[in-house]
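Okay, so here's the structure we're looking at.
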Amino acid sequence: MARVELVEVTKRYGQTIAVDHVSLDIAEGEFVTLLGPSGCGKTTTLRIVAGLIEPTEGEIRFDGQVVNHVPPHRRNIGFVFQSHALFPHLTVAENIAFGLKIKRRPKAEVQRRVEEMLELVNLQGFGSRMPSQLSGGQQQRVALARVLATDPRVLLFDEPLSALDRNLRDQLKYSILELQRRTRKTAIYVTHDQSEAFAISDRICVMNAGRVEQVGTQLDIYLRP
Ligand code: ADP
Ligand code: ADP
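Numbering (our numbering), first residue to last: 196 to 420.
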């Protein structure tokens, strides 16, 4: 778990200001959603937290430590993208174990962890299946299990539901919330969908043209004119 702070974070691309002096303080275990129209700077902000993009100005802090120059793989984050992109030639268990193997964890630990993760996402007994044998929703849960397996400090979600149909979106949004609650991880979630943001967030950060317009609970955002 980690507190995540963005302090006056700015990202410029030539004349374009993708992110404009964004400050945000996210508590340990909190679920914060960046909400706003396409092009408002959500993804760039998320990638800056991940370390995939360096800010032009400003600081990112994890638990009070500046991480601006810490590379992504040392930040201990879990990134969930729009397309789950499981490895099609690997079994479900091998997919979940992938990040642990990269970290050269002992075999017994990897096996135990894979079983734990299958249980966490309600897919006990599916370890030896291939991704193509699973439904879309099950595949997304495997993708979540793969991210959670390495026990990241912070979960980052970039429109993870936008490629799915409505039914799946509804199911999965509550799976994501339940998993975040059970693992008590700090989460930052990007979406342009207001109802999605309202359904899952502790707080919502409304962005427009690179800036933070409002930050608050669903009620705060409704009540403010
Ligand atoms: P969102 O995720 O809210 O759709 P983005 O963070 O992707 O917004 O983009 C914010 C703004 O920055 C947009 O105007 C986009 O075109 C611009 N932008 C993003 N990435 C780049 C880049 N690599 N080069 C130039 N402009 C970019
Ligand atoms: P997303 O769906 O994540 O917002 P986009 O489709 O906007 O992504 O952009 C895809 C990629 O192109 C990203 O790496 C982004 O940084 C880059 N990009 C976005 N806008 C521009 C732009 N105006 N000029 C150059 N690169 C851009």
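We put the CB at the ideal spot given by N, CA and C, even for glycine.
The segment 302–309 contacting the segment 371–390, beta-carbon criterion three pairs below 8 Å: Between the segment 302–309 and the segment 371–390, the count of C-beta pairs closer than 8 Å stays below three; the two stretches do not touch.
Does the beta-carbon of lysine 302 have 16 or more other beta-carbons within 10 angstroms, so that it is buried, or is it exposed? Looking up residue 302 in the sequence shown gives position 107. If you draw a 10 Å sphere on the C-beta of lysine 302, you find fewer than 16 other C-beta atoms in it, and that means exposed.
Continuous alpha helix (DSSP H) stretch holding arginine 361: start and end: Sequence index remark: in the sequence shown, residue 361 carries index 166 (1-based). It spans 361–378 - the alpha helix (DSSP H) in which arginine 361 sits, taken as one unbroken run.
Please report the distance separating the alpha-carbon of glutamate 266 from that of isoleucine 243. Indexing the sequence shown from 1 puts residue 266 at position 71. Indexing the sequence shown from 1 puts residue 243 at position 48. A small correction: the amino acid at residue 266 is proline; glutamate does not occupy that position in the sequence shown. Rounded to the nearest angstrom, the gap between the Cα atoms of proline 266 and isoleucine 243 is 11 Å.
State buried or exposed for glycine 320, treating a residue as buried only when at least 16 other CB atoms are found within 10 Å of its CB. Counting from one through the sequence shown, the residue named residue 320 turns up at place 125. By the neighbour-count rule (16 or more Cβ atoms within 10 Å), glycine 320 is not buried but exposed.
Over what stretch of residues does the alpha helix (DSSP H) that includes glycine 294 continue unbroken? Numbered from its first residue, the sequence shown carries residue 294 at position 99. Secondary structure note for glycine 294: its alpha helix (DSSP H) is the uninterrupted segment 287–297.
Hey, how far is the Cα of threonine 205 from the Cα of glutamine 328? By one-based count along the sequence shown, residue 205 stands at place 10. By one-based count along the sequence shown, residue 328 stands at place 133. Between threonine 205 and glutamine 328, the C-alpha separation is close to 44 Å.
Given leucine 363 as reference, the closest of Asn403, His284, Ser218, Arg336 once Cα atoms are compared: Locating residue 363 in the sequence shown gives position 168, counting from the first residue. Sorting Asn403, His284, Ser218, Arg336 by C-alpha distance to the C-alpha of leucine 363 places Arg336 at the top.
Quick check on DSSP: helix, strand or coil for aspartate 346? For this step, residue 346 is matched to residue 151 along the sequence shown. If DSSP states are grouped into helix, strand and coil, aspartate 346 belongs with coil.
Whose CA, out of Glu304, Leu219, Thr211, lies closest to the CA of cysteine 235? The residue labelled residue 235 in the question sits at position 40 within the sequence shown. Just measuring C-alpha positions, the residue of Glu304, Leu219, Thr211 sitting nearest cysteine 235 is Thr211.
Where the beta strand (DSSP E) containing arginine 242 begins and where it ends: Against the sequence shown, residue 242 aligns to sequence position 47. Counted as a single uninterrupted DSSP element, the stretch harbouring arginine 242 is not any beta strand (DSSP E) but the alpha helix (DSSP H) occupying residues 237–245.
Express the C-alpha separation of valine 407 and glycine 294 in angstroms, rounding to a whole number. By one-based count along the sequence shown, residue 294 stands at place 99. By one-based count along the sequence shown, residue 407 stands at place 212. Taking the CA atoms as reference points, glycine 294 sits about 34 Å from valine 407.
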